[in-house]
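In our numbering, each residue carries its 1-based index in the sequence shown increased by 329.
Where a beta carbon is used, it is the ideal one built from N, C-alpha and C, also for glycine.
Quick caveat: nothing in here was measured; it's all calculated off a predicted structure.
Note sheet for the following structure.
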Amino acid sequence: MPFGFVSPEMYRRYKDEILRMSQAIQVNYPEHLPADKRKPGFSDRQMAEKLGIDEATVREIRCVAERQYYDIDEWFKAIEFKEKACRDYRRQGLSSVTKKYLKK
């Protein structure tokens, strides 16, 4: 997949809205909410359709914006979480995060 160039003006114009819709910024998606109240983020394709720009541009803006949004400690926490989830899956079953579908 080729990497394009998004102008600073375009980045500033769409950054906040793309972050708001992003899968990585799931403000309304905490696990303790009932499923009917959760609002997961959108895919790059869905964001592109809503904003009327191409998917590659959305992806480029989202990737840069997410890296600006989270500090480095948050990225390390995410890596640790994923590693733990993988280790737990290997030992216990499908999901140590949600406690669903674990072997009894």
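With contacts defined as CB atoms closer than 9 Å, Ile-390 and Met-339 qualify as a contacting pair. Unbroken beta strand (DSSP E) stretches of 3 residues or longer found wholly inside the region 356-409: none. A distance below 7 Å between beta-carbons, with the five flanking residues on each side excluded, links Ala-394 to the following residues of its chain, in chain order: Lys-344, Ile-347, Leu-348. Sorting Ala-364, Cys-392, Ser-336 by C-alpha distance to the C-alpha of Ser-372 places Cys-392 at the top. For Ser-336, DSSP records no beta bridge to any residue. Residue environment for Gly-381: exposed (fewer than 16 other C-beta atoms within 10 angstroms of its C-beta). About 4 Å separates the CB atoms of Gly-370 and Gln-352; that is less than 8 Å, so the two are in contact. Counting C-beta atoms within 10 angstroms of its own C-beta, Arg-341 has fewer than 16 neighbours from the protein chains shown and is therefore classed as exposed.
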